[in-house]
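**Q** The structure is given below, and queries will be raised subsequently.
There are 2 protein chains.
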Amino acid sequence: MTKPVVGYIGLGIMGRPTALNLIKAGYTLHVYARRAASLAPLLAEGAQAAASPCELARVADILFVNVSDTPDVEQVLLGEQGVIEAGRAGQVVVDMSTIAPLAARQMAERLAERGIDLLDAPVSGGEAGAIAGTLSIMVGGKASAFERALPLLQVLGKNIVHVGDSGAGQVAKACNQIVVAGTIAAVAEALTFARRSDVDAAKVRDALMGGFAGSKILEVHGKRMLDGDFRPGFKSRLHQKDMHIVLETARQLGLALPISSQTTQLINALLGLGQGEMDSSAMIKVIERMSGD
Amino acid sequence: MTKPVVGYIGLGIMGRPTALNLIKAGYTLHVYARRAASLAPLLAEGAQAAASPCELARVADILFVNVSDTPDVEQVLLGEQGVIEAGRAGQVVVDMSTIAPLAARQMAERLAERGIDLLDAPVSGGEAGAIAGTLSIMVGGKASAFERALPLLQVLGKNIVHVGDSGAGQVAKACNQIVVAGTIAAVAEALTFARRSDVDAAKVRDALMGGFAGSKILEVHGKRMLDGDFRPGFKSRLHQKDMHIVLETARQLGLALPISSQTTQLINALLGLGQGEMDSSAMIKVIERMSGD
Chain Z
4 MTKPVVGYIG LGIMGRPTAL NLIKAGYTLH VYARRAASLA PLLAEGAQAA ASPCELARVA
64 DILFVNVSDT PDVEQVLLGE QGVIEAGRAG QVVVDMSTIA PLAARQMAER LAERGIDLLD
124 APVSGGEAGA IAGTLSIMVG GKASAFERAL PLLQVLGKNI VHVGDSGAGQ VAKACNQIVV
184 AGTIAAVAEA LTFARRSDVD AAKVRDALMG GFAGSKILEV HGKRMLDGDF RPGFKSRLHQ
244 KDMHIVLETA RQLGLALPIS SQTTQLINAL LGLGQGEMDS SAMIKVIERM SGD
Chain G
4 MTKPVVGYIG LGIMGRPTAL NLIKAGYTLH VYARRAASLA PLLAEGAQAA ASPCELARVA
64 DILFVNVSDT PDVEQVLLGE QGVIEAGRAG QVVVDMSTIA PLAARQMAER LAERGIDLLD
124 APVSGGEAGA IAGTLSIMVG GKASAFERAL PLLQVLGKNI VHVGDSGAGQ VAKACNQIVV
184 AGTIAAVAEA LTFARRSDVD AAKVRDALMG GFAGSKILEV HGKRMLDGDF RPGFKSRLHQ
244 KDMHIVLETA RQLGLALPIS SQTTQLINAL LGLGQGEMDS SAMIKVIERM SGD
């Protein structure tokens, strides 16, 4: 079976290692990035540069998008010289960016008018997961398109779930960010409670690890809090962006999310402390400062 | 080495299986409970009944306490016919109840005046963990007393951590309840967000399980929420009691806990819905009802 020709748009922190993993797996890649500097490492590995998303769409069977936010995805898919200008029936576009579920649904409808299948496929696992090819990938869109993209997704990630129709991947990612933010905040409160009670917070973490309080967050982010090491990981300004998607979607749904609302305030405060580039587990600084540390 | 004679006070949901496990492990037990009916299953296994905590303290080398709340512990240890009336130097009292850290420290000081060592040793793992002997046990108190109690604690639990001095076990338990409540609330919001977005919440849970959102709570309590099965587990009225300890201690420390404060409101509302005997993961009902379900 001939391998499909792959187009890749967006070669930042997440896009670059992901695109490199596809090259390593033997796929022919055509790449596009707004900044020429981002192209270099891919071209060195044999990828070919395209001048626009539209040009990529002419040569590729399957296109990946990995950019920052909703307007960026809209621009490369539907904007001037966007994918839609040259896209053709049978193409699959895999958008790995984290954007609003509603926007993902609307863009899928627009592309469907041209016969193009859009999968929303946001990821969890960060830069480390992208490099190692161990991302969790949450996919929304048609089952037939998912089946066609699956061999490539399996190069990039481990836990790959077809959650449902268009937008369902973004909904799952939003849920992921709700749980991650809430758990980080709870762990931050617990470790601060321990320290302020003159108890060794590291011992408390040990005691909690095996039981019902145990989580990946307590393990990884709890350790970061104890060490005061807030190198990302996942930057708090991106977590803020994602929580904005959560709360804006909840607003549209008429859904009150008291805990997510509160955790978002902690992330807002963290950016107010000038910590937007730090890991979002730095939320513990807000808890500490609020009560006098 | 002769096994110490064990006294056991409080034979409820947690005390009964714990005491039975000590008998199975070959210890001689003397038991006390306020309700005679609670004694029967222990007497059937060879335990001997005592008329008061004080009488137990006369015969036992090591005493366990497993009652409901701070005033109950104060009553059996320091009250009329309490342990302190007959306690003697060298005795160890292991209090497995969940009470306020400050109260644990103060009672330890009172007992220390008689040469009695009090260990605070609250547990996590619920009735199932008590029966199976797989409790997590968080211990505060003197290292020498911990060493003497350890062989017995190893009969009752698996993850046994000496967290620090008197009160440190209760602090760790409070931290445990902070994290459990916060994580339950975040998972409840995420699953409600998924459902209200017309996405299969079970698939979302699958997608989240392996990544950073993964936790024991997502696994166990997330499943309960999906199934609408809120049989305890851990009763919400007891979680309310424990969050009261958390917030009262935070008040004394001058420590703001915005997430724990908010999760406590959800538990309060759950009791307002008449769900005090249900598992605290029924918090999702509050999230759902709040927005019209």
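So the sequence lines, in the order shown, correspond to chains Z and G. Numbering (the numbering used here) for the first sequence: 4 to 296. Numbering (the numbering used here) for the second sequence: 4 to 296. All C-beta atoms, glycine included, are put in the ideal place defined by N, C-alpha and C. Source: prediction; values computed, not measured.
(1) When the Cα atoms are used, what is the spatial distance from Arg-61 (chain Z) to Gln-265 (chain Z)?
(2) Helix, strand or coil for Ala-124 (chain G), going by three-state DSSP, please let me know.
(3) From the DSSP output, read off the bridge partner residues of Phe-67 (chain G).
(4) Would you tell me roughly how many angstroms separate the C-alpha atoms of Leu-138 (chain G) and Lys-226 (chain Z), rounded to the nearest one?
(5) Check whether the Cβ of Asn-271 (chain G) lies closer than 8 Å to any Cβ atom in chain Z.
(6) Taking a cut of 8 Å between CB atoms, which residues from the stretch 246–265 of chain G lie near chain Z?
(7) So which residues on chain Z does Arg-2 (chain G) lean against when the C-beta distance must stay under 7 Å?
(8) Could you check whether the Cβ of Ile-102 (chain Z) sits closer than 8 Å to any Cβ belonging to chain G?
(9) On the CB-based measure, 16 or more other CB atoms within 10 Å of its CB, does Thr-101 (chain Z) come out buried or exposed?
(10) Under 7 Å Cβ to Cβ from Ala-197 (chain Z), same chain only, skipping five residues before and after it: list those, please.
(11) Grouping DSSP H, G and I as helix and E and B as strand, with all else coil, what is Met-286 (chain Z)?
(12) Under DSSP, the beta strand (DSSP E) around Ser-139 (chain G) begins and ends at which residues?
(13) So what does DSSP say about Gly-185 (chain G), is it helix, strand or coil?
(14) For the beta strand (DSSP E) containing Gly-132 (chain G), list its first residue and its last residue.
(15) Around the Cβ of Asp-232 (chain G), are there at least 16 other Cβ atoms within 10 angstroms (buried) or fewer (exposed)?
(16) Say whether chain G places a C-beta atom closer than 8 Å to the C-beta of Thr-73 (chain Z).
(17) According to DSSP, what are the bridge partners of Leu-32 (chain Z)?
(18) I'd like to check one pair, Val-34 (chain Z) with Ala-52 (chain Z): are the Cβ atoms closer than 8 Å?
(19) Thinking Leu-258 (chain G) and Ser-294 (chain Z) are a contact (beta carbons under 8 Å), I'd like their distance in whole angstroms, please.
(20) Using a Cβ cut-off of 8 Å (strictly closer), state whether Val-182 (chain Z) contacts chain G.
(21) By how many angstroms is the C-alpha of Ile-187 (chain Z) removed from the C-alpha of Ser-218 (chain Z)?
(22) Taking the alpha-carbon positions, what's the Glu-2 (chain Z) to Thr-267 (chain Z) distance?
(23) Express the C-alpha separation of Ser-41 (chain Z) and Cys-57 (chain Z) in angstroms, rounding to a whole number.
(24) Is Leu-66 (chain G) closer than 8 Å to Ile-12 (chain G) when the C-beta atoms are compared?
(25) Taking CB distances under 8 Å as the criterion, tell me whether Glu-293 (chain G) reaches chain Z.
(26) Between the alpha carbons of Val-182 (chain G) and Val-183 (chain Z), how many angstroms are there, rounded?
(27) Can you give me the C-alpha to C-alpha distance between Ala-39 (chain G) and Val-164 (chain Z), rounded to a whole angstrom?
(28) Looking at the unbroken beta strand (DSSP E) that takes in Ile-163 (chain Z), where does it start and where does it end?
(29) By the criterion of Cβ-Cβ separation under 7 Å, what are the contact partners of Val-190 (chain G) in chain Z?
(30) Can you pull the chain Z neighbours of Asp-209 (chain G), defined as C-beta to C-beta under 7 Å?
(31) Within the 8 Å Cβ cut-off, does Ser-239 (chain Z) reach chain G?
(32) Are any of the Cβ atoms in chain G nearer than 8 Å to that of Ile-16 (chain Z)?
(33) Run through chain G and tell me which residues come within less than 9 Å of Thr-195 (chain Z), C-beta to C-beta.
(34) Measuring CB to CB, does Gly-160 (chain G) end up less than 8 Å from Pro-104 (chain G)?
(35) For the 8 Å Cβ check, are there 3 or more pairs between the stretch 237–250 of chain Z and the stretch 275–292 of chain Z?
(36) Would you identify the three-state DSSP class for Ser-55 (chain G), choosing helix, strand or coil?
**A** Reading from the atomic positions:
(1) Looking at the backbone, the Cα of Arg-61 (chain Z) and that of Gln-265 (chain Z) are separated by about 46 Å.
(2) In the structure shown, Ala-124 (chain G) sits in coil (DSSP, three-state: anything other than H, G, I, E or B).
(3) Under DSSP, Phe-67 (chain G) shares a beta bridge with G:Tyr-11, G:Val-97.
(4) Taking the CA atoms as reference points, Leu-138 (chain G) sits about 24 Å from Lys-226 (chain Z).
(5) Answer no: the Cβ-Cβ gap between Asn-271 (chain G) and chain Z never drops below 8 Å.
(6) Contact annotation: in the stretch 246–265 of chain G, residues whose CB is within less than 8 Å of a CB in chain Z are Val-249, Thr-252, Ala-253, Leu-256, Gly-257, Leu-258, Ala-259, Leu-260, Pro-261, Ile-262, Ser-263, Gln-265.
(7) Past the edges of chain G, shown from 4 to 296, lies residue 2 (chain G), and the structure says nothing about it.
(8) In terms of beta-carbon proximity, Ile-102 (chain Z) stays away from the interface with chain G, with every pair separated by 8 Å or more.
(9) In the assembly as shown, Thr-101 (chain Z) is a buried residue. Its beta-carbon has 16 or more other beta-carbons within 10 Å.
(10) Contacts found: Ala-204, Val-207.
(11) DSSP, reduced to helix, strand and coil, places Met-286 (chain Z) within a helical segment of the structure shown.
(12) Start and end: 138–143.
(13) Correct three-state label for Gly-185 (chain G): helix.
(14) For Gly-132 (chain G), there is no enclosing beta strand (DSSP E); the enclosing alpha helix (DSSP H) covers residues 129–135.
(15) Around the beta carbon of Asp-232 (chain G), fewer than 16 other beta carbons lie within 10 angstroms, which makes this residue exposed.
(16) False, the Cβ-Cβ gap to chain G never drops below 8 Å.
(17) Paired residues: Z:Val-9.
(18) The beta carbons of Ala-52 (chain Z) and Val-34 (chain Z) sit closer together than 8 Å.
(19) 5 Å between Cβ atoms; contact.
(20) At least one chain G Cβ lies under 8 Å of Val-182 (chain Z).
(21) C-alpha separation (whole angstroms): 10 Å.
(22) As displayed, chain Z neither begins before 4 nor continues past 296, which places residue 2 (chain Z) out of reach and without an answer.
(23) Rounded to whole angstroms, the separation of the alpha carbons of Ser-41 (chain Z) and Cys-57 (chain Z) is 18 Å.
(24) Yes, they are a contact pair.
(25) For the record, residue 293 (chain G) in the displayed sequence is Met; it is not Glu. Chain Z, which has a Cβ nearer than 8 Å to the Cβ of Met-293 (chain G), makes this yes.
(26) Pairing Val-182 (chain G) with Val-183 (chain Z), the inter-Cα distance amounts to about 12 Å.
(27) Distance between the alpha carbons of Ala-39 (chain G) and Val-164 (chain Z): 55 Å.
(28) Element bounds for Ile-163 (chain Z): 160–167.
(29) Under the 7 Å cutoff, chain Z gives Val-182.
(30) Those are Val-164, listed as they occur along chain Z.
(31) Chain G contact via Cβ: absent.
(32) Not closer than 8 Å to any Cβ of chain G, the Cβ of Ile-16 (chain Z) fails to qualify, so no.
(33) Those are Leu-258, Leu-260, listed as they occur along chain G.
(34) No, these two residues do not count as a Cβ contact at 8 Å.
(35) Contact between the stretch 237–250 of chain Z and the stretch 275–292 of chain Z is present, because at least three Cβ pairs lie under 8 Å.
(36) Secondary structure at Ser-55 (chain G): coil, using DSSP grouped into helix, strand and coil.
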